[in-house]
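Residue numbers (the numbering used here), protein chains in the order written: chain A, 2 to 276; chain B, 2 to 276.
Glycine included, each C-beta is placed from N, C-alpha and C at the ideal position.
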């Protein structure tokens, strides 16, 4: 029996930007720090939490990746997976984008939604392959992209099976399991999907190896990059951005003839609510 | 948009037994040791390889899990994922079951194949959740069970992305990544599927936590165990078997009213070739 469906993988940066350069999962984490602060009196004197609680996000994040790591561990662990899922759902239902005042789930790119639907109508099985947290994305990818939880690949923390009060739970441990970014993306694709995509779309250097991995298969392939070139309707950034940098992958796309979408020139509509 | 499909998870012990008590993946590993021996002259004096090469499997495995671990690492790593996949395919195409002289892929249980097809025809998405190696199962689960590679969950080793001669590869590292057994099964289900099954079938204590995890969801659930009771047509073993033991899970099934299939009494046909 032949394997019937073709594989397509997409980074999910359609809804990632809250306030450039800040991923909206980080905004979720910052809101969680405020909510959890009463249970952590020690945070008043401990960075990066002290600055965060004073509203100085810039200073809190000045510590770079180790600071972000501390924030993620403090806000994504110490509860069960079911509790975390509910926390994400509650936040997604209420949080609004600071600029558009829309829910983040309203801010997936219209062309990406259309392409995903087109591919599925033509024998493709579509996957999200993101550097974001898998447990953070799964509660809303079905609604936003039509992609069910089992077709989401992302970064993760370790979990542990326990029976609490006679009921089995999975506890989120303060330990990284997997970083689904850069060279991690082909590893995550192999681990979760076990087949090589024939089409992949990304928008940053974090997607470069996913595109290389896709390109290395036999037969016809499609590798695509979205280039954020529209400062008015969205954002314009590439080679010098500290987060979401698009530099080496852009060079490789140009050298190898991969498709590069110029958001400003090529997209009539960016968000569904503009229609 | 509602998530459309129900989740069903199955251990894959339908094809596991080569010669009780030995899983057929171990037989694959033993054959690999013989093939690789010329490249490893040091194995002549090093256990468990020395005994294996003399044909004394029992003595080689006397070292228990550490010995098995050494054999698996020596035979499943040091190559790319593509090379390993080809090795599995070649072996599966040629190896025969010592008792039936059939290919292992002909020895999936007929009732399991029928149930999987019935579930898929009724809105279920079916998954294999096995203690076996994910890269060992994926090359043949589609053909045998109608389950594509992305719906296989299993134990794994770590892999690493590298570019060799300008071509990207994933290298299999001699390091365990995940053991998909016992308390690992709900962890693997959560990591790969991200949804709780409403139906699960197993046949050993390695499946106990998967069944507990399935049972703990709301609404109607189905938890099932296959009890190997037929020494003539297959094997009869349970509470005292050193591999594939069914003891605690059988007690829990009886206490909680889970379905227990008595292979001898309940199955008219075991293997497809008996029809």
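Cβ of residue i within 8 Å of any chain B Cβ
i: residue 250 of chain A; result: no
i: residue 105 of chain A; result: no
i: residue 188 of chain A; result: yes
i: residue 168 of chain A; result: yes
i: residue 88 of chain A; result: no
i: residue 160 of chain A; result: yes
i: residue 176 of chain A; result: no
i: residue 213 of chain A; result: yes
i: residue 16 of chain A; result: Caution applies to residue 16 of chain A, whose pLDDT of 48 falls short of 50 and renders its modelled position unreliable; the value that the coordinates give is listed next. So, not an interface residue.
i: residue 205 of chain A; result: no
i: residue 295 of chain A; result: Absent from the structure is residue 295 of chain A, since the part of chain A shown begins at 2 and ends at 276.
i: residue 150 of chain A; result: yes
i: residue 157 of chain A; result: yes
Proximity of residue i and residue j at Cβ, strictly below 8 Å
i: residue 173 of chain A; j: residue 78 of chain A; result: yes
i: residue 206 of chain A; j: residue 249 of chain A; result: yes
i: residue 150 of chain B; j: residue 158 of chain A; result: no
i: residue 274 of chain A; j: residue 103 of chain A; result: yes
i: residue 191 of chain A; j: residue 142 of chain B; result: no
i: residue 186 of chain B; j: residue 145 of chain B; result: no
i: residue 188 of chain B; j: residue 171 of chain A; result: yes
i: residue 86 of chain A; j: residue 136 of chain A; result: yes
i: residue 184 of chain B; j: residue 152 of chain B; result: no
i: residue 68 of chain A; j: residue 42 of chain A; result: no
CB contact check: residue i to chain A, cutoff 8 Å
i: residue 193 of chain B; result: yes
i: residue 196 of chain B; result: yes
i: residue 82 of chain B; result: yes
i: residue 117 of chain B; result: no
i: residue 279 of chain B; result: There is no way to answer for residue 279 of chain B, as the model of chain B reaches only from 2 to 276.
i: residue 122 of chain B; result: no
i: residue 153 of chain B; result: yes
i: residue 67 of chain B; result: no
i: residue 184 of chain B; result: yes
Close Cβ partners of residue i (< 8 Å) along its chain, the five nearest in sequence each way excluded
i: residue 220 of chain A; result: 199
i: residue 240 of chain A; result: 246, 247, 248 and 251
i: residue 148 of chain B; result: 117, 127, 128, 129 and 142
i: residue 169 of chain B; result: 162 and 163
i: residue 180 of chain A; result: 132 and 156
i: residue 276 of chain B; result: 111 and 270
i: residue 2 of chain A; result: Only weak support is given to the placement of residue 2 of chain A: the predicted model assigns it a pLDDT of 42, under 50, and the value that follows is read from those uncertain coordinates. There are no such residues.
Secondary structure of residue i, DSSP reduced to three states
i: residue 80 of chain B; result: coil
i: residue 218 of chain B; result: coil
i: residue 246 of chain A; result: coil
i: residue 41 of chain B; result: coil
i: residue 129 of chain A; result: strand
i: residue 142 of chain B; result: helix
i: residue 256 of chain A; result: helix
i: residue 58 of chain A; result: helix
i: residue 204 of chain B; result: coil
i: residue 275 of chain B; result: helix
i: residue 123 of chain A; result: coil
Contacting residues, own chain, Cβ-Cβ under 6 Å from residue i (five flanking each side not counted)
i: residue 234 of chain B; result: 271
i: residue 175 of chain B; result: 74 and 78
i: residue 197 of chain A; result: 218
Cβ-heavy atom distance, residue i to the ligand MN, below 7 Å
i: residue 48 of chain A; result: The ligand MN is not part of this structure, which contains no ligands at all.
Alpha-carbon spacing of residue i relative to residue j, whole angstroms
i: residue 70 of chain A; j: residue 115 of chain B; result: 48 Å
i: residue 108 of chain B; j: residue 124 of chain B; result: 26 Å
i: residue 29 of chain B; j: residue 215 of chain B; result: 32 Å
i: residue 13 of chain A; j: residue 259 of chain A; result: 19 Å
i: residue 253 of chain B; j: residue 120 of chain B; result: 25 Å
i: residue 101 of chain B; j: residue 236 of chain B; result: 13 Å
i: residue 98 of chain B; j: residue 26 of chain B; result: 12 Å
i: residue 9 of chain A; j: residue 122 of chain A; result: 12 Å
i: residue 228 of chain A; j: residue 73 of chain B; result: 45 Å
i: residue 62 of chain B; j: residue 84 of chain B; result: 26 Å
i: residue 134 of chain A; j: residue 182 of chain A; result: 11 Å
i: residue 111 of chain B; j: residue 40 of chain A; result: 56 Å
i: residue 65 of chain A; j: residue 52 of chain A; result: 14 Å
i: residue 223 of chain A; j: residue 203 of chain A; result: 11 Å
i: residue 217 of chain B; j: residue 46 of chain A; result: 41 Å
i: residue 80 of chain B; j: residue 76 of chain A; result: 39 Å
i: residue 59 of chain A; j: residue 32 of chain B; result: 59 Å
i: residue 212 of chain B; j: residue 165 of chain A; result: 16 Å
i: residue 90 of chain A; j: residue 36 of chain A; result: 15 Å
i: residue 299 of chain A; j: residue 257 of chain B; result: Here chain A covers residues 2 to 276 and nothing more, so residue 299 of chain A does not appear.
i: residue 54 of chain A; j: residue 38 of chain A; result: 8 Å
Close-in-space but distant-in-sequence residues of the same chain around residue i (CB under 7 Å, 5 per side omitted)
i: residue 265 of chain A; result: 230 and 231
i: residue 105 of chain A; result: 16, 25, 93, 96 and 98
i: residue 6 of chain B; result: 124, 125 and 126
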